[in-house]
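Asker: This structure is in structure tokens; I'll ask about it shortly.
Protein chains: 2
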Amino acid sequence: MKFAFLLYEGMTAMDLIGPHEILSRLPGAESYRVGLNKGSVRTDSGIELLADSTLSEMTEADILLIPGAGTATTLGSFPEILEWVRLIHQKSVWTTSVCTGSLILGAAGVLKGKRATSHWAAIERLEKWGAVPVKERVVEDGKILTAAGVSAGIDMALTLASKLCSDQVAQAMQLAIEYDPRPPFDSGSPEKVSPLVVELLKAKMSAGFENG
Amino acid sequence: MKFAFLLYEGMTAMDLIGPHEILSRLPGAESYRVGLNKGSVRTDSGIELLADSTLSEMTEADILLIPGAGTATTLGSFPEILEWVRLIHQKSVWTTSVCTGSLILGAAGVLKGKRATSHWAAIERLEKWGAVPVKERVVEDGKILTAAGVSAGIDMALTLASKLCSDQVAQAMQLAIEYDPRPPFDSGSPEKVSPLVVELLKAKMSAGFENG
């Protein structure tokens, strides 16, 4: 099982690292961290991750994972990434995204007529690419699995682990990362928080999207 | 607010990235990723992260965060890291760990008589360092905050965000990373899983610890 994790400047580190922690440890997994170039990629929280493969070296993969970013739609200006996404998607067993990574799938043209999700502040933007926005944590349509914002990548990866291996393997992975969540607050989705907080965050994040 | 995130070979990427995604975005946060050397550090899932500061450059910080690893106790063989942990802890406002990062705090001698937690498969090892193991998701004792395995770092970071800023800021961060967890299974802690799975995982992980 060959996994291609896309890395690009300005991406959100946790969108990739959450699923990577689970998927790269599955029995038989062969993981590649694929960038425009090899070497360091600066994420939107400041930490740098390393790409160990390039787009041109990686011409097919069983599983494709696209992380999101506050300014994901700026990727429209990297046609080589969108072209690569289309190429890998052609033969992939699963094509997946976390957070606004689904906008990249959309821009690459692979979500037309498909049900998909994204970060809550960006989900309507999926319509621009002909997708049907669905406000769920993880959305499956054919071989496409999309996750909601950032932390939803963990739930998506466990779902994918059960499909690729078995429920038991997925459960063992959940136990390995001790994923028995106890957030100190219950404010993880917009309907649970004061409208003011939602609007402030949305305005801040949309400014990023608009740059694209 | 100066944050020092320790990076070291063999660490678990998500132990650091989960909290980093939250803490590095707090108002006034200044984040440093501190390694033995600058440059790439290979994590235990294969992805490399970049250290942008060295131990010797970083002589104090308000918040110290120590991630764990399957082989965390091997750090006993890096006395310069333990010495640095002691140094930063002296003046820190908060000293924190995720997963087996607490074993590093223990080895550095800062957990004597303190209540602390760790990954479920390693928690008893805290006694070796004079700590009192507590099976909770996040444990606070004085200025020391320790989190359980891997994903518990997210809950710890939200708790810390509320202490450093306010409940409202922590809640906004939770919403920003859409942390409204919906794991597809309920197998995130050992009492929820078949004893066989627990024993298999524990044996595998303990082999790593024993190398230390």
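Here the protein sequences come in this chain order: A and B. Under this note's numbering, the first residue of the first sequence carries the number -2, and numbering increases by one thereafter. Under this note's numbering, the first residue of the second sequence carries the number -2, and numbering increases by one thereafter. Using N, Cα and C, we set each Cβ at its ideal position, and we do this for glycine too. Being a predicted model, the structure only gives us computed values, none of them experimental.
1. Could you say which of A:40, A:78, A:67 and A:138 lies nearest to residue 1 (chain A) if we only look at CA atoms?
2. Applying a beta-carbon distance threshold of less than 7 Å, which residues of chain B neighbour residue 122 (chain A)?
3. Could you check whether residue 186 (chain B) and residue 175 (chain A) sit closer than 8 Å to each other, using their CB atoms as the reference points?
4. Run through chain B and tell me which residues come within less than 7 Å of residue 156 (chain A), C-beta to C-beta.
5. Give every residue of the same chain whose Cβ lies closer than 6 Å to the Cβ of residue 13 (chain A), excluding the five residues on either side of it in the sequence, and list them in chain order.
6. Tell me, please, whether the CB atom of residue 60 (chain B) is closer than 8 Å to any CB atom in chain A?
7. Does residue 64 (chain A) come out as helix, strand or coil in the three-state DSSP assignment?
8. Identify, in the order they occur along the chain, each residue of the same chain with its Cβ nearer than 7 Å to the Cβ of residue 10 (chain A), setting aside the five sequence neighbours on each side.
9. Considering only their Cβ atoms, is the gap separating residue 100 (chain A) from residue 123 (chain A) smaller than 8 Å?
10. Going by beta carbon distance, what residues of the same chain come within less than 8 Å of residue 26 (chain B), once the five residues before and after it are set aside?
11. Along the alpha helix (DSSP H) that carries residue 99 (chain A), what are the first and last residues, could you check?
12. Over what stretch of residues does the beta strand (DSSP E) that includes residue 7 (chain A) continue unbroken?
13. For residue 190 (chain B), return the contacting residues in chain A, with the cut-off set at a CB-CB distance below 8 Å.
14. Can you tell me where the beta strand (DSSP E) with residue 138 (chain B) in it begins and where it stops?
15. Starting from the Cα of residue 53 (chain A), find the closest Cα among A:60, A:62 and A:33 and give me that residue.
16. Could you check the C-alpha separation between residue 172 (chain A) and residue 127 (chain A) for me, to the nearest Å?
17. In three-state DSSP terms, what is residue 15 (chain B)?
18. When you compare the CB of residue 187 (chain A) with every CB in chain B, is at least one pair closer than 8 Å?
19. When you compare only the Cα positions, how much space is there between residue 208 (chain B) and residue 199 (chain A)?
20. Suppose you measure from the CA of residue 97 (chain B) to the CA of residue 80 (chain A); what does that come to, to the nearest Å?
21. What residues from the segment 97 to 117 of chain B come within 7 Å of chain A, judged by C-beta to C-beta, listed N to C?
22. Can you find a C-beta in chain A that's less than 8 Å from the C-beta of residue 130 (chain B)?
23. Assuming residue 138 (chain A) contacts residue 113 (chain A) under a Cβ cut-off of 8 Å, what Cβ separation, rounded to an integer in Å, is found between them?
24. With burial defined as no fewer than 16 other Cβ atoms inside 10 Å of the residue's Cβ, what is the status of residue 183 (chain A): buried or exposed?
Answerer: Working from what's here:
1. A:78
2. Here the premise fails: no neighbours, minimum Cβ distance about 15 Å.
3. yes
4. 181
5. 2 and 64
6. no
7. coil
8. 40, 42, 44 and 46
9. yes
10. -2, 0 and 20
11. 98 to 104
12. Where residue 7 (chain A) is concerned, there is no enclosing beta strand (DSSP E), given that its DSSP letter is neither H nor E.
13. 168, 169 and 172
14. 135 to 138
15. A:33
16. 38 Å
17. helix
18. yes
19. With a pLDDT of 43 at residue 208 (chain B), under the threshold of 50, the predicted position of this residue should be treated as unreliable, though the coordinate-derived value follows. Looking at the two C-alpha atoms, the distance is approximately 48 Å.
20. 42 Å
21. 116 and 117
22. no
23. 7 Å
24. exposed
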